[in-house]
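Numbering (the numbering used here), first residue to last: 1 to 194.
#1: Using alpha carbons as the reference points, say which of 80, 179 and 18 lies closest to residue 61.
#2: Tell me whether residue 26 is buried or exposed, calling it buried when 16 or more other Cβ atoms sit within 10 Å of its Cβ.
#3: At 3 residues or longer, and completely inside the segment 59 to 120: list those beta strand (DSSP E) runs for me, N to C.
#4: If we require 3 or more residues per run, which beta strand (DSSP E) segments fall completely within the segment 116 to 194?
#5: For residue 196, report the span of its beta strand (DSSP E) as first-last.
#6: Where residue 15 and residue 46 are concerned, what is the direct C-alpha to C-alpha distance, given to the nearest angstrom?
#7: Between the Cα of residue 150 and those of 112, 171 and 103, spot the shortest distance and give me the residue it belongs to.
#8: Can you find the residues in the same chain that come closer than 7 Å, C-beta to C-beta, to residue 59, ignoring five residues on each side of it along the sequence?
#9: To the nearest angstrom, how far is it from the Cα of residue 164 to the Cα of residue 126?
#10: Where do the N-terminal and C-terminal ends of the alpha helix (DSSP H) with residue 47 fall, by residue?
#11: Name the residue from 122, 3 and 37 whose alpha carbon lies nearest to the alpha carbon of residue 133.
#12: Between the Cα of residue 43 and those of 17, 8 and 34, spot the shortest distance and give me the residue it belongs to.
#13: What do you reckon, are the CB atoms on residue 136 and residue 119 nearer than 7 Å?
#14: Is it the case that the Cβ atoms of residue 6 and residue 111 are separated by a distance below 7 Å?
#15: Rounded to whole angstroms, what's the CA-CA distance from residue 76 to residue 66? Just pull it up for me.
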């Protein structure tokens, strides 16, 4: 069983750019190769499926969490280490957050953005169980994420968000660098908690 689990937020579609699929595959592989477990939305399709497949192909432990009502729409993955079926989206997200030590976000739509903001807010408020400080890293092309990171920076400039809260959400272009950054943060926080 992995010492740490990473939750990945991403689209249940492949998106319009083939680089998104490559990114999802690289993220899944990087998580597994680093000895980390993957927690994600449980789908076999889209970028979610690509992340899970790559983690499994590289010997990773993969936990999928999917609401019963989405099983026919998102086609739950059949080859996971563990599949948890929830009653609704709220339970899905709560379990994903509880079972994870940090978060990586790949390109996605409204659901992905909701998960990014909610998980960051839970870190800010100290609502996460276990490890309280659970960082969120946006991964991939800066052209995809720069509008969001610029918006977050503007919130700090307008004094609507503290700089310390802004620091919860960071950016890494390269999947391996993102995973390494989480490992460093885990190590630092473990030392502080002892």
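Glycine included, C-beta positions come from ideal geometry on N, C-alpha and C.
A quick look at the data gives this:
#1: Taking the first residue of the chain shown as 1, we reach residue 61 at position 61. It is 80 whose Cα lies nearest to the Cα of residue 61.
#2: Counting from 1 along the chain shown, the entry for residue 26 is found at position 26. Per the 10 Å Cβ criterion, buried.
#3: 62 to 67, 82 to 86 and 102 to 105
#4: 136 to 139 and 169 to 172
#5: Since the first and last residues shown for the chain are 1 and 194, residue 196 lies out of range.
#6: Position 15 of the chain shown, counting from 1, holds the residue named residue 15. Position 46 of the chain shown, counting from 1, holds the residue named residue 46. About 8 Å.
#7: As a working note, residue 150 is residue 150 in the chain shown. For residue 150, the nearest C-alpha among the options comes from 171.
#8: Counted from its first residue, the chain shown places residue 59 at position 59. Only 32 meet the Cβ criterion.
#9: Translated into positions along the chain shown, residue 164 becomes position 164. Translated into positions along the chain shown, residue 126 becomes position 126. Between residue 164 and residue 126, the C-alpha separation is close to 13 Å.
#10: Within the chain shown, the letter at position 47 stands for residue 47. Here the alpha helix (DSSP H) through residue 47 covers 46 to 57.
#11: Taking the first residue of the chain shown as position 1, residue 133 is located at position 133. Considering only alpha carbons, the answer is 122.
#12: Position 43 of the chain shown, counting from 1, holds the residue named residue 43. For residue 43, the nearest C-alpha among the options comes from 8.
#13: Here residue 136 is taken as the residue at index 136 of the chain shown, counted from 1. Here residue 119 is taken as the residue at index 119 of the chain shown, counted from 1. The answer is yes: Cβ separation under 7 Å.
#14: Here residue 6 refers to the residue found at position 6 when the chain shown is read from its first residue. Here residue 111 refers to the residue found at position 111 when the chain shown is read from its first residue. Contact: no.
#15: On the chain shown, position 76 is the one that residue 76 refers to. On the chain shown, position 66 is the one that residue 66 refers to. Near 7 Å, if we compare the C-alpha coordinates of residue 66 and residue 76.
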